[in-house]
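Residue numbers (our numbering), protein chains in the order written: chain B, 94 to 200; chain G, 7 to 128.
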C-alpha cells in the first residue's frame, strides 16, 4: 500500500499569512492526489484534485502543486474560515490512502 | 442540488451485522463510481470500499475484506454497505462519497454525505 505522510502535523498561523502543507507518497502516484479540508463534525470537502486542479467554488487562495511523490498545498492569505484540518489523499490505485492530517490553528 | 444522505448507523454488539444505505440525488447516479470512507473518532479518514458505476467492479480495504460488501441499486439511486462480523475497531463515522469522474478513470471524492455513526461495543 502507498503511505502518505503530511507535514507538519500542526501549524499555527495568523490571518493573512501564507502557509504551505507538504504531502509525500511512499512511491510515485504521478499526479493522482487530492486535498481536502475538514471542520469538526463535518465531512471532508474537496479543495484540489489531480495535484493542482482547483475544485469548483473553492477560493483561488488555495493552490496545489507537485508530482510523483512530493506535493504541496498552499493557502496564499489565510482567512478566518480556513482554520481546519487538511488531508491529502492519493487515488492512483487501490487501496486509496489519506495522510494523517495537518491541523491549522490560529496563532 | 447534488446530495448524498446516509442512514443505517447505530450501536451494535461485536460479531453482529449492520447495513448502511446512501441515497443520491441531483446527479445521474448510474454514471459514477461510489465509495465508502470511514473515520474513527479523532482519526483521519480511511477508505473502505469502491463500486464501479455499473456495479461490475468492487474493491475493498484489507481491514474489511471478507466482512463488508458494497453494492448499489441504480434504479433506486442507492448505495449500500453490508457490514458483517463487526469489531470494535469498525467504530467510526461512515461516509459515502461520489467520484468526480464519470464512468471509468481515476477520480477524487467531490461529494460526501453527512455521515452515519457506527458504534461496535459490548
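Using N, Cα and C, we set each Cβ at its ideal position, and we do this for glycine too.
| Asked | Found |
| --- | --- |
| Residue 194 of chain B: contacting residues in chain G (beta-carbon distance under 8 angstroms) | 50 |
| Nearest-angstrom beta carbon gap, residue 20 of chain G and residue 73 of chain G [assumed within contact, 8 angstroms] | Actually they do not touch by this definition, with Cβ atoms about 12 angstroms apart. |
| Residues bridged to residue 138 of chain B (per DSSP) | B:130 |
| Sub-8 angstroms separation of residue 53 of chain G and residue 189 of chain B beta-carbons | yes |
| Partners in chain G for residue 164 of chain B, counting only beta-carbon separations shorter than 8 angstroms | The contacting residues do not exist; residue 164 of chain B stays about 13 angstroms from chain G at best. |
| Minimum Cβ-Cβ distance from residue 116 of chain G to chain B less than 8 angstroms | yes |
| Where residue 17 of chain G falls, given that 16 or more other Cβ within 10 Å makes a residue buried | exposed |
| Residues of the segment 123-134 of chain B with Cβ closer than 7 angstroms to any Cβ of chain A, in chain order | The chain labelled as chain A is not found among the protein chains of the depicted structure, namely B and G. |
| At least 3 beta-carbon pairs within less than 8 angstroms: the segment 162-173 of chain B vs the segment 32-39 of chain G | no |
| According to DSSP, residues forming a beta bridge with residue 68 of chain G | DSSP lists no partner for residue 68 of chain G. |
| With 16 other Cβ atoms within 10 Å as the buried cut-off, status of residue 96 of chain B | exposed |
| Reference residue 158 of chain B, options B:124, B:186, B:132, closest by Cα | B:124 |
| Secondary structure of residue 132 of chain G, DSSP reduced to three states | Only positions 7 to 128 of chain G appear in this structure, which leaves residue 132 of chain G out of reach. |
| The segment 135-155 of chain B contacting the segment 192-200 of chain B, beta-carbon criterion three pairs below 8 angstroms | no |
| Under 7 angstroms by beta carbon: chain G residues contacting residue 189 of chain B | 53 |
| Reduced DSSP secondary structure (H/G/I, E/B, other) of residue 148 of chain B | coil |
| Residue burial classification, residue 110 of chain G (beta-carbon count within 10 angstroms, cutoff 16) | exposed |
| Where residue 116 of chain G falls: helix, strand or coil (DSSP) | strand |
| Contact under 8 angstroms by Cβ, residue 125 of chain G with residue 97 of chain G | yes |
| Residue 12 of chain G classed as buried or exposed, judged by whether at least 16 other C-beta atoms fall within 10 angstroms | buried |
| Below-8 angstroms beta-carbon distance, residue 63 of chain G vs any chain B residue | no |
| Three-way DSSP call (helix, strand, coil) for residue 94 of chain B in this model | coil |
| Buried versus exposed, by CB contacts within 10 Å (16 or more), residue 108 of chain G | exposed |
| Whether residue 44 of chain G touches residue 88 of chain G by CB criterion (8 angstroms) | no |
| Member of G:100, G:22, G:38, G:7 whose CA lies at the smallest distance from the CA of residue 61 of chain G | G:38 |
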